[in-house]
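Below is one structure; the comments refer to it alone.
Residue numbers (the numbering used here): 0 to 208.
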């Protein structure tokens, strides 16, 4: 039987996890991806032992932080895009959300890479949704029909790489997203060269946002 005490303990554990994840993301933003777990625990207002109970190592912590960020920043955009009757506009919604997250969580993503926490599952939900939206837009004649499955993940990586040539918190990325979306339009689209074969170590699920 579930007791009031056990429910309180679970609620306390959930609150501690929430505080630790938010502190981790903020600490990495301010101090960089190499910030210590001790500093994260201090900022979360918990002991280091509590942090390790919830997150046994940095890789586990950073994966959970990315999940939290995805849930807050990208999942609502995907839901909005899927309900949009204009699939091209839905693509823009999801791409803008992903670029915003990449700018905001740059150091969290860097921490994930350094900890070996960037797995296929990390970005699979995003790329699956982007693939579906792209297919819908192609069917509606709003996106050029000659794209191959690897094109949109590679375009996403191109867009993310632009963030580090400008103030990532500025609106400059919107200019290049607009240029890319124009290039994806079927209007006056010229023939594309052959697509490059995918590299096994760079499958879409392993590509950064």
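Note that CB positions come from ideal geometry on N, CA and C, so glycine has one too. Every value quoted in this text rests on a predicted model; they were computed, and no experiment measured them.
Could you compute how far the alpha carbon of residue i sits from the alpha carbon of residue j?
| i | j | result |
| --- | --- | --- |
| residue 17 | residue 194 | 43 Å |
| residue 102 | residue 26 | 15 Å |
| residue 138 | residue 113 | 40 Å |
| residue 163 | residue 177 | 18 Å |
| residue 84 | residue 78 | 12 Å |
| residue 140 | residue 132 | 12 Å |
| residue 36 | residue 12 | 18 Å |
| residue 121 | residue 70 | 12 Å |
| residue 19 | residue 88 | 35 Å |
| residue 21 | residue 42 | 9 Å |
Identify which residue in the options has its Cα closest to the Cα of residue i.
| i | options | result |
| --- | --- | --- |
| residue 136 | 97, 189, 91 | 91 |
| residue 188 | 146, 196, 165 | 146 |
| residue 104 | 59, 65, 190 | 65 |
| residue 115 | 73, 61, 94 | 61 |
| residue 179 | 154, 192, 122 | 154 |
| residue 182 | 142, 169, 171, 158 | 142 |
| residue 130 | 76, 170, 150 | 150 |
| residue 72 | 57, 191, 165, 93 | 93 |
| residue 99 | 191, 74, 86 | 74 |
| residue 124 | 110, 9, 76, 29 | 76 |
Buried or exposed: which applies to residue i, given that a residue is buried once 16 or more other Cβ atoms fall within 10 Å of its Cβ?
| i | result |
| --- | --- |
| residue 55 | exposed |
| residue 127 | exposed |
| residue 107 | buried |
| residue 97 | buried |
| residue 169 | exposed |
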